[in-house]
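Participant: Residue numbers in the sequence shown follow this note's numbering, run continuously in steps of one, and reach 462 at the last position. All residues carry an ideal CB built from backbone N, CA and C; glycine is no exception. Model, not experiment: these values are computed from the prediction.
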Amino acid sequence: MNKDVPDHDASILYYDGDYPSLEIGEPDAGDVAALARLGILGDVAFYKERAAADGGPVLEIGCGTGRLTIPLARAGHEVWAVDVSDAMLAQLRAKLAAEPEAVRARVHAVRADAASLDLPARDFRLAAVPFNVLMLIPDFQAQRSTLASAAAHLAPGGRLALDVMNPLTLPMDEDASAAPSTPRRNPRTGNQYVRRSRCSRLDERQRQRIHGWYEELLPDGRIEMSEFSYHWRMIFRYELELMIEAAGLAVESVAGDFEGAPWTVDSRRIVATAIKK
Ligand SMILES: C[S@@+](CC[C@H](N)C(=O)[O-])C[C@H]1O[C@@H](n2cnc3c(N)ncnc32)[C@H](O)[C@@H]1O
186 MNKDVPDHDA SILYYDGDYP SLEIGEPDAG DVAALARLGI LGDVAFYKER AAADGGPVLE
246 IGCGTGRLTI PLARAGHEVW AVDVSDAMLA QLRAKLAAEP EAVRARVHAV RADAASLDLP
306 ARDFRLAAVP FNVLMLIPDF QAQRSTLASA AAHLAPGGRL ALDVMNPLTL PMDEDASAAP
366 STPRRNPRTG NQYVRRSRCS RLDERQRQRI HGWYEELLPD GRIEMSEFSY HWRMIFRYEL
426 ELMIEAAGLA VESVAGDFEG APWTVDSRRI VATAIKK
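Here it is as structure tokens:
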């Protein structure tokens, strides 16, 4: 699920099963539980509130399959939705095709690398880098370039909002156990599946390889397996603040969740906002 991940990687194919939307399709209690386990039950509402407060077009960096893009556009915002993955953007476009024309017209889907983003518009009121996107650009300089690009596209006084996992809650040693996830439903096939995930030891660049496979139960009883692999680079809270400041932004808030709880060692997430100076 980063720049080097091929289109057929299973993390892309199962994305909407792993990270469901409560606003698109027909969510069930399992979807709510999955988002709660990830600590992102409130993320779409959080970004929608920021967009409503800030007005103007929204730049969404790492839009993926549109989990946030479509709710933003439905709420009336013009969204420039950027992603490096053709396969993720294809899923976004397929979902947009089912939206009313007015919603479709508000979304500009762009394939680009966030680290070297250069859009014609430079007057965004909000740049959102949601749900671990910055971690999934697994290189320190590229992460810094991404924040600099976001800042360059903001109007003066515009806001950056982002969230990443809190690395203090993540395993940093190798974990080869590949324990199965809670069963999930593949939204494309309706079949149940589990994800078995492993991680490498955190390396000197704060990078980790996350890899494993999906096991989907087919109607005839066979199990279909498909592999996934990607890297992320963990970002620590105060490192993130320094990176944001170095990009020419003033940190406005750092919270431990989307409801504004104080950040602690046990917080699931780092949720930060910053203002362009
Ligand atoms: C965890 S997904 C988040 C997707 C979406 N924002 C959401 O909340 O569901 C991370 C996304 O970041 C994208 N991404 C990773 N590296 C990128 C880069 N260098 N430039 C732009 N997008 C990137 C991936 O393709 C993927 O769609």
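What ranges does the alpha helix (DSSP H) occupy inside the region 245-303, keeping only unbroken runs of at least 4 residues that lie completely in it?
Facilitator: Complete alpha helix (DSSP H) runs here, min 4: 254-259, 271-281 and 286-291.
Participant: Smallest Cα separation from Val229: which of Gly241, Ala214 and Tyr204?
Facilitator: Answer by Cα proximity: Tyr204.
Participant: In whole angstroms, give me the CA-to-CA distance for Ala337 and Leu425.
Facilitator: Approximately 18 Å between the Cα atoms of the pair.
Participant: Should Arg252 be listed as close to ligand 1, given that the test is whether its C-beta is under 6 Å from any heavy atom?
Facilitator: It does: the Cβ of Arg252 is within 6 Å (strictly closer) of some heavy atom of ligand 1.
Participant: Quick one: is the Cβ of Val269 within less than 6 Å of any heavy atom of ligand 1?
Facilitator: Yes.
Participant: Can you check the region 352-410 for any beta strand (DSSP E) of at least 3 residues that lies completely inside it and give the ranges in chain order?
Facilitator: Fully enclosed beta strand (DSSP E) runs of 3 or longer: 377-384 and 392-402.
Participant: Taking C-alpha atoms, which residue in Leu345, Ala459, Tyr199 and Pro285 lies nearest to Ala260?
Facilitator: If we check each option's Cα against that of Ala260, Pro285 comes out closest.
Participant: Is the closest heavy atom of ligand 3 to the C-beta of Gly241 under 6 Å?
Facilitator: Ligand 3 is absent from the structure shown, which contains only ligand 1.
Participant: My assumption, with CB atoms under 8 Å, is that Met357 sits in contact with Leu319. Please give the rounded CB distance.
Facilitator: Rounded, the Cβ-Cβ distance is 18 Å, inconsistent with contact.
Participant: Would you identify the three-state DSSP class for Leu347, choosing helix, strand or coil?
Facilitator: Looking at Leu347 - three-state DSSP - the assignment turns out to be strand.
Participant: Which whole-angstrom value is the C-beta distance of Ala459 and Ala435, which I expect to be below 8 Å?
Facilitator: That pair is a contact at about 6 Å.
Participant: Please state whether the Cβ-Cβ distance between Leu311 and Arg252 is less than 7 Å.
Facilitator: Going by C-beta atoms, Leu311 is not nearer than 7 Å to Arg252.
Participant: So, Arg453 versus Arg418, is the Cβ gap smaller than 7 Å?
Facilitator: In this structure, Arg418 does not lie closer than 7 Å to Arg453 by Cβ.
Participant: Hey, Asp268 and Cys248: beta-carbon distance below 7 Å or not?
Facilitator: Yes, Cβ-Cβ distance for Asp268 and Cys248 is below 7 Å.
Participant: Entirely within the region 418-449 and at least 3 residues each: give me those beta strand (DSSP E) ranges in chain order.
Facilitator: Runs of the beta strand (DSSP E) inside the region 418-449: 434-440.
Participant: Taking the beta carbon of Thr254 as the centre, do at least 16 other beta carbons fall within 10 Å, making it buried, or is it exposed?
Facilitator: The residue in question, Thr254, is buried, as its Cβ has 16 or more Cβ neighbours within 10 Å.
Participant: Based on Cα-Cα distance, which residue from Gly240, Leu332, Gly210 and Asp360 lies nearest to Phe309?
Facilitator: That would be Gly240, whose Cα lies nearest to the Cα of Phe309.
Participant: Within its chain, find whatever has a CB closer than 6 Å to the CB of Ser411; leave out the 5 residues flanking it on each side and keep chain order.
Facilitator: Excluding sequence neighbours, Ser411 sits near Ala195 and Tyr399.
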